[in-house]
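The numbering of the sequence shown is our numbering, which starts it at 338 and goes up by one. Glycine included, each C-beta is placed from N, C-alpha and C at the ideal position.
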Amino acid sequence: MKSVLLLILTLSINVAWGCEGSLQHQQQTQQQLGIMVQSIANAIDSPSLTSVEPLVRYGTDSRYYVMIRGWIVQELAGVESQLAAQGNNADPMLVNKAKYLKISLRRIDLE
Numbered sequence: 338m339k340s341v342l343l344l345i346l347t348l349s350i351n352v353a354w355g356c357e358g359s360l361q362h363q364q365q366t367q368q369q370l371g372i373m374v375q376s377i378a379n380a381i382d383s384p385s386l387t388s389v390e391p392l393v394r395y396g397t398d399s400r401y402y403v404m405i406r407g408w409i410v411q412e413l414a415g416v417e418s419q420l421a422a423q424g425n426n427a428d429p430m431l432v433n434k435a436k437y438l439k440i441s442l443r444r445i446d447l448e
């Protein structure tokens, strides 16, 4: 959750400094970015075949590719660290999440 809030803050600052135009346009852009970040966070937190789509849709957008791919890589590193610590008694949910994140990365990289 902390990383999501930091990401939203960073995006908001970048949007505020980089956008020209009215305050209303900036607010709409920030709202769209917030929706994107929330949908990605939800997709990562609830792995399923249908939740891969938001990750791929936003991850293949050249504006967000680095951010989203980096986010998924960091999530995968955390899950793999937990799996390594658990050894043979690994939680099946973590195993599924690792597979899901790897599938998401492959789909983003292949697009």
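How should P429 be labelled, buried or exposed, when 16 other C-beta atoms within 10 angstroms of its C-beta is the threshold for buried? exposed
In three-state terms, what does DSSP make of S359? coil
Out of curiosity, what's the CA-to-CA distance linking V374 and V393? 13 Å
Residue range of the alpha helix (DSSP H) that L447 falls in? 429 to 447
Assuming contact is defined by CB atoms lying nearer than 8 Å, are V403 and S441 in contact in what I supplied? no
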